[in-house]
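Residue numbers (this note's numbering): 2 to 147.
Note that the Cβ used here is the ideal one computed from N, Cα and C, for glycine as well.
So the structure is just underneath, and the comments pick up after that.
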């Protein structure tokens, strides 16, 4: 039975994720925002999380559990995994394409581009320095003489 299994029926996924981040050393307010709680209710939510004995017990469990390097996949492990799936013909084409996409994203092969269009049409405002036509003419002549 894993740590998550012991607490899964009593805590929400956000609470479990919050406990993991706090146990890993992240500040409580940043952990709260990272898992999806809103900034608007930050003080109240922090108070609730800090006074929830189940959340606090899970944080202690996570802090006491040794983290094995075998548990956490490195970037290279993930890339090797996606490459194996991508090249294995026994997987359906859709999964192979998804693995290829994930591998490409991990290597920053794609650029996310968003084009925003609006129905509002505004003319640009051009501010001209307050210069008389005579001064413009003199400046023009100086430029052309050079």
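With fewer than 16 other Cβ atoms inside 10 Å of its own Cβ, residue 98 counts as exposed.
Taking residue 56 as reference, the option from 87, 78 and 21 with the minimal CA-CA separation is 21. Within the model, the alpha-carbon separation for residue 53 versus residue 44 is close to 14 Å. When rounded, the separation of the alpha-carbon atoms in residue 87 and residue 14 is 31 Å. With respect to residue 27, residue 46 sits apart: the two C-beta atoms are not nearer than 8 Å. Counting C-beta pairs with one atom in each stretch, the stretch 76-90 and the stretch 104-121 have three or more that are closer than 8 Å, which means they touch. The beta carbon of residue 74 sits closer than 8 Å to those of 82, all from its chain and outside the five residues before and after it, given in chain order. Per DSSP, reduced to three states, the secondary structure at residue 97 is helical. With respect to residue 19, residue 50 sits close: the two C-beta atoms are nearer than 8 Å. Ranked by how close their Cα comes to the Cα of residue 60, the residues 139, 29, 41 and 144 have 29 in first place. Distance from residue 64 to residue 100 at the Cβ level is roughly 35 Å; contact not present, criterion being Cβ atoms closer than 8 Å. In the DSSP assignment, residue 56 falls within the unbroken alpha helix (DSSP H) covering 54-65.
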